[in-house]
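J.:
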Amino acid sequence: MTIVLGIETSCDETGVGIVRMSGSGVAELLANEIASSVEEHARFGGVVPEVASRAHLQAMVPAVHRALETAGLKGSDVDAVAVTAGPGLAGALLVGVAAAKAYAAAWDVPLYGVNHLAAHVAVDTVQHGPLPPALALLVSGGHSSLLAVPDLAGPVTPLGATIDDAAGEAFDKVARLLGLPFPGGPWIDKAAREGDPAAIHFPRGLTGPRDAKYDFSFSGLKTAVARHVEALERSGTPVPVADVAASFQEAVTDVLTMKTVKAAQEYGMDTVLLGGGVAANSRLRALAEERCTAAGLRLRVPRPVLCTDNGAMVAALGAHLAHTGATPSDLALPADSSLQVTEVLVP
Amino acid sequence: MLVLALDTATPAVTAGVVRLTEGPGARVAELGVRVTHDARKHGELLMPGVQGACADAGIRLREVEAIVVGTGPGPFTGLRVGMVTAASLGDALGVPVHGVCSLDAIAQAVVLPGKLTGNLLVATDARRREVYWAAYEAEGARLTGPTVEGPDAVAERLDGLHLVAAAGTMAERFGLPLREPASPTPAGLVAAAAPALDSGRTPGPLEPLYLRRPDAVPPGERKKVHT
Ligand SMILES: [Zn+2]
């Protein structure tokens, strides 16, 4: 049995999670504490790196305390510390990495510097058990990636990613166009429920026959929504917020799920996994479920609190790495803001 | 008392184990010191430095009885590495963490060998053509600061301060006799925290001395997309 404490500070959430791994490789979630600085960023319409870094410094030690308390553990019970080494905001990552090194050194336990994207995949095991080879779609304000994950502790194959805006970023920008608050995802989702997804046909980026098969592009879609809204405003027509939100959301989720199912089929994976903050979107979940079922694929989506950035996902990946006997990271471990997804564990 | 001292407020990444003895006289002795210079690698260098300093001092990390950390002012990203490391180590080891102004630690290090004949300027690099600075009396007590300003603005204020020397990474800008060190030393950090360490009081929360607000402006009117 191994108890792993995981630290996540790649964006605006200070996350500390604790996962217990049984000898047979079953991961159990013991704590998942999150301190978010999202409200401090709201008036800027996006995450301000320096504001996030300052908040991480303040929140770090109290979050570790709360996690240990929730799990009913003492620091001396922890067998390993895992931390997001990248990708993410450089200054924000640095706070978590420095804290993780200090805890690992003081407790005299191994340190695992892990990949944030692989951690988004690993977290599902604390809810749904061991993961078979899977095709993962990770969508958030910072990433939009399609990954083939044959084994959690092994190398991940990136199949595609956004070539411009992340999916969550597109939600934020469109929300702003429609006068909805930041972060835009939940607001668009809510507004869209009252709207007609077929009201306006917005473009599906990178879906032509010559386009990169598994890459995404949301910048053109965002511009199309802006043009549509401005044209209405110019002519003095009230903007049908619900219809625009629903039609935009449909365009995003249509492309995401279509490419995901196609990739799963091509790579012979019968499990599809969603992760990242945008996985909380109700239309994405419903459409993914519909298309996976139709294609005979099994869909796994962690509950929303495990989809957004958190420490449990880092602890979960650390626990899998420790379980498979991976070599821990060095205390000189760097934070790498552009860490490649092929690197699951940073030496 | 065995004290671990850390500072990352300048390009020097500093870790040291210091013995603080009670009573008058030379009270601080550096048992192990590791200093590396790289303004972009504080995060990579600090913990190996802590371990090296402990090894040089012949102690285990868990034998440390208190931690002292420089709270700046200093460039934010590097500064936070030292502060979160100190806070986390203190929490994990169950020992108090005392924050001291990094400029105070430089001043204390300057006067450790003996008091000056007048006042001291301490100035470090704040980037963007500004300096962090503070002035100290001959025995190291702070007179004014810490402040962040352009060197010309600082120079205008120096006349009334009766300065006889300057220290810090930007000290040479002010035409005063230079004194070492340019960056906080473990002994200087512990000397600056000595009254708090002696008192045995629980230290207050660690507050970084940023002296500047984050660079961020709320967005204005949204930009139109031309059709
Ligand atoms: Zn994420």
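Residue numbers (this note's numbering), protein chains in the order written: chain V, 4 to 350; chain H, 863 to 1089. No residue lacks a Cβ here, since even glycine has one placed at the ideal position from N, Cα and C. This one's a predicted model, so the numbers in the text were calculated from it and none came from an experiment.
Mind listing which residues of the stretch 886 to 911 of chain H have their C-beta closer than 9 Å to chain V's C-betas, in chain order?
T.: For the stretch 886 to 911 of chain H, the set of positions with a beta-carbon nearer than 9 Å to some beta-carbon of chain V reads Lys-903, His-904, Gly-905, Glu-906, Leu-907, Leu-908, Met-909 and Pro-910 in chain order.
J.: Whose Cβ in chain H lies nearer than 7 Å to the Cβ of Val-98/V?
T.: Arg-942 and Val-946
J.: Just to be sure I understand the criterion: a residue counts if its Cβ is closer than 5 Å to at least one heavy atom of ligand 1. Which residues meet that?
T.: Output, sorted by chain position: Ser-143/V and Asp-312/V.
J.: By the 9 Å beta-carbon criterion, what residues does the stretch 312 to 340 of chain V contribute toward chain H?
T.: Within the stretch 312 to 340 of chain V, those residues whose Cβ lies closer than 9 Å to any Cβ of chain H are, in chain order, Asp-333, Leu-334, Ala-335, Leu-336, Pro-337 and Ala-338.
J.: Per DSSP, what kind of secondary structure is Arg-896/H in: helix, strand or coil?
T.: strand
J.: Find the residues of chain V that neighbour Asp-1077/H, judging by a C-beta separation of less than 7 Å, and give them in chain order.
T.: Glu-53
J.: What is the rounded straight-line gap between the Cα of Glu-42/V and the Cα of Phe-185/V?
T.: 9 Å
J.: Check the Cβ of Val-67/V against every Cβ in chain H and list those closer than 8 Å, keeping chain order.
T.: Ser-950 and Asp-953
J.: Would Thr-1089/H count as contacting chain V if we go by Cβ distances under 8 Å?
T.: Low local confidence applies: a pLDDT of 38 at Thr-1089/H is under 50, so the model's placement there is unreliable, and no value is given.
J.: Could you work out which residue in Gly-94/V, Leu-76/V and Arg-179/V is closest to Ala-45/V when comparing CA atoms only?
T.: Of the candidates Gly-94/V, Leu-76/V and Arg-179/V, the one whose C-alpha sits nearest the C-alpha of Ala-45/V is Arg-179/V.
J.: Residues of chain H with CB under 7 Å from Tyr-106/V, in chain order?
T.: Ser-950 and Ala-954
J.: Taking only beta-carbon positions, decide if Leu-923/H is within less than 8 Å of chain V.
T.: yes
J.: Skipping 5 residues on each side, what residues in its chain have a beta carbon closer than 8 Å to that of Asp-154/V?
T.: Pro-136
J.: May I have the straight-line CA-CA distance separating Ala-871/H from Pro-113/V, to the nearest angstrom?
T.: 28 Å
J.: Within its chain, find whatever has a CB closer than 6 Å to the CB of Glu-1083/H; leave out the 5 residues flanking it on each side and keep chain order.
T.: Because the pLDDT at Glu-1083/H is just 49, under 50, the model does not fix this residue reliably, and the value given afterwards should be weighed accordingly. Within the same chain, Glu-1083/H has no close Cβ partners at all.
J.: Between which two residues does the beta strand (DSSP E) harbouring Tyr-994/H extend?
T.: 993 to 998
J.: When DSSP labels each residue in this structure, what does Met-24/V get in the three-state scheme?
T.: Three-state result, Met-24/V: strand.
J.: What does the alpha-carbon distance come out to for the pair Ala-1049/H and Val-890/H?
T.: Looking at the backbone, the Cα of Ala-1049/H and that of Val-890/H are separated by about 6 Å.
J.: Quick one: residues in its chain with C-beta nearer than 7 Å to the C-beta of His-59/V, no 5 flanking neighbours on either side, listed in chain order?
T.: Thr-12, Thr-17, Ala-95, Val-98 and Gly-99
J.: Using a Cβ-Cβ cut-off of 7 Å (strictly less than) and excluding sequence neighbours within five positions of Gly-208/V, which residues of its own chain qualify?
T.: Cβ within range, chain order: Phe-219, Ser-220, Phe-221, Gly-223, Leu-224 and Val-258.
J.: Are the CB atoms of Gly-188/V and Phe-205/V nearer to each other than 8 Å?
T.: no
J.: Let me confirm a value: His-2/V is counted as buried when at least 16 other C-beta atoms fall within 10 Å, else exposed. Which label applies?
T.: Nothing can be reported for residue 2/V, as the shown portion of chain V is limited to 4 through 350.
J.: Determine the burial state of Ala-1056/H: buried for a count of at least 16 other Cβ atoms within 10 Å of its Cβ, exposed for fewer.
T.: buried
J.: Against chain V, with Cβ distances strictly below 8 Å, would Pro-1065/H count as a contact?
T.: no
J.: The alpha helix (DSSP H) with Pro-1057/H in it runs from where to where?
T.: Boundaries of the alpha helix (DSSP H) around Pro-1057/H: 1048 to 1061.
J.: If we count the other Cβ atoms within 10 Å of its Cβ and call it buried at 16 or more, is Val-308/V buried or exposed?
T.: exposed
J.: Measure the CB-CB distance between Val-126/V and Ala-249/V and report whether it falls below 8 Å.
T.: Not closer than 8 Å, so no.
J.: Could you compute how far the alpha carbon of Val-255/V sits from the alpha carbon of Gly-171/V?
T.: 10 Å
J.: Give a yes or no on whether the C-beta atoms belonging to Leu-120/V and Leu-138/V are separated by under 8 Å.
T.: No, the Cβ-Cβ distance between Leu-120/V and Leu-138/V is not below 8 Å.
J.: Could you tell me the boundaries of the beta strand (DSSP E) in which Ile-929/H lies?
T.: 928 to 932
J.: What does DSSP give as the partner residues of Val-81/V in its beta bridges?
T.: For Val-81/V, which the question treats as bridged, DSSP gives no partner whatsoever.
J.: Are there any heavy atoms of ligand 2 lying less than 7 Å away from the beta-carbon of Thr-327/V, as far as the coordinates show?
T.: Although ligand 2 was asked about, the structure shown includes only ligand 1 as ligands.
J.: Is Val-897/H near Leu-882/H, with beta carbons less than 8 Å apart?
T.: no
J.: Reducing DSSP to helix, strand and coil, say where Glu-1083/H ends up.
T.: Residue confidence for Glu-1083/H is low, a pLDDT of 49 falling below 50, so the modelled location carries little weight; the figure read from the coordinates is stated next. Looking at Glu-1083/H - three-state DSSP - the assignment turns out to be coil, as it is neither helix nor strand.
J.: For Glu-992/H and Gly-905/H, I'd like the C-alpha separation in whole angstroms.
T.: 24 Å
J.: How would you call Thr-1031/H, buried or exposed, if buried means at least 16 neighbouring beta carbons within 10 angstroms?
T.: buried
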